[in-house]
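Notes to accompany the following structure.
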């Protein structure tokens, strides 16, 4: 009888508590400005960083996926990405050399992904990363494939003063541990 009562108690707790444990999706940005960030597919290589504010994210939690709103036709030659995430107090980048060090971030994804072949959200299942809910987030994307795609292969972005920084080059894959001078952008990817 005691075992049945314990089982019943565990079952009742599971029924009432488990539905409250869940996942939520946070979408930051709803802009429709087409920009070549987080990668510029028309170049051989891109390294970029973008800042997302704590006020836009809203709560602490574990980040398990990242999505970027692709608005092009192909990334078949621009689909080898390494992604880092980190906490930062920066709200913007002050210059083309104001990179956040990758040593202050965690690598959460590295590999190739299937060419989307059309416009839509590109989803990355990443290594779980714990967001503290207080700091801003910096996301770095290093595109490592040597080829390039079309100049119209862009991403939906939202305007934000110097919220991104990027470096593009046809011949040299930049060292993300010591990136060269890039350009700030007044947009960040949705």
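Numbering (the working numbering), first residue to last: 5 to 194.
Yeah, the Cβ is synthetic: ideal placement off N, Cα and C, and Gly gets one too.
Please classify residue i as buried or exposed, where buried requires at least 16 other C-beta atoms within 10 Å of its C-beta.
| i | result |
| --- | --- |
| residue 2 | Outside the displayed range of the chain (5 to 194) lies residue 2, so it cannot be described from this structure. |
| residue 125 | exposed |
| residue 132 | exposed |
| residue 43 | buried |
| residue 107 | exposed |
| residue 137 | exposed |
| residue 168 | buried |
| residue 3 | Not covered by the structure: residue 3. The range shown for the chain is 5 to 194. |
| residue 182 | exposed |
| residue 59 | exposed |
| residue 82 | buried |
| residue 69 | exposed |
| residue 112 | buried |
When you compare each of the options to residue i by their alpha carbons, which one comes out closest?
| i | options | result |
| --- | --- | --- |
| residue 45 | 192, 181, 167, 150 | 150 |
| residue 154 | 76, 94, 181 | 76 |
| residue 146 | 38, 178, 137, 128 | 178 |
| residue 158 | 67, 165, 35, 30 | 35 |
| residue 123 | 29, 30, 38, 68 | 38 |
| residue 188 | 180, 194, 165 | 165 |
| residue 71 | 99, 33, 98, 82 | 33 |
| residue 86 | 156, 67, 65, 53 | 53 |
| residue 128 | 65, 180, 104, 84 | 84 |
| residue 65 | 103, 49, 28 | 28 |
Got a sec? Which residues, its chain only, sit under 8 Å from residue i by beta carbon, not counting five neighbours each side?
| i | result |
| --- | --- |
| residue 24 | With a pLDDT of 41 at residue 24, under the threshold of 50, the modelled position of that residue is not reliable, and the figure given next carries that caveat. So no residue of the chain qualifies. |
| residue 110 | 88, 89, 90, 131, 133 |
| residue 194 | 31, 32, 33, 34, 35, 72, 73, 159, 160, 161, 162 |
| residue 104 | 53, 90, 92, 94, 142, 144 |
My assumption, with CB atoms under 8 Å, is that residue i sits in contact with residue j. Please give the rounded CB distance.
| i | j | result |
| --- | --- | --- |
| residue 162 | residue 135 | Residue 162 to residue 135, Cβ: 19 Å. No contact. |
| residue 47 | residue 152 | 6 Å |
Tell me which residues share the same chain as residue i and place their Cβ nearer than 7 Å to its Cβ, disregarding the 5 neighbours each side in the sequence.
| i | result |
| --- | --- |
| residue 101 | 185 |
| residue 120 | 74, 79, 126 |
| residue 63 | 137 |
| residue 95 | 55, 57, 140 |
| residue 156 | 76 |
| residue 176 | 49 |
Excluding the 5 residues flanking residue i on each side, which residues of the same chain have their C-beta closer than 6 Å to its C-beta?
| i | result |
| --- | --- |
| residue 61 | 30 |
| residue 97 | 166, 169, 188 |
| residue 180 | 51, 106, 146 |
| residue 67 | 133, 135 |
Sufficient close CB pairs (3 or more, under 8 Å) joining the segment 111 to 118 to the segment 170 to 178: In this structure the segment 111 to 118 does not touch the segment 170 to 178; the number of beta carbon pairs closer than 8 Å is below three.
contact_flag[the segment 138 to 156, the segment 87 to 96] where n(CB pairs < 8 Å) is 3 or more: At 8 Å Cβ cutoff, the stretches touch.
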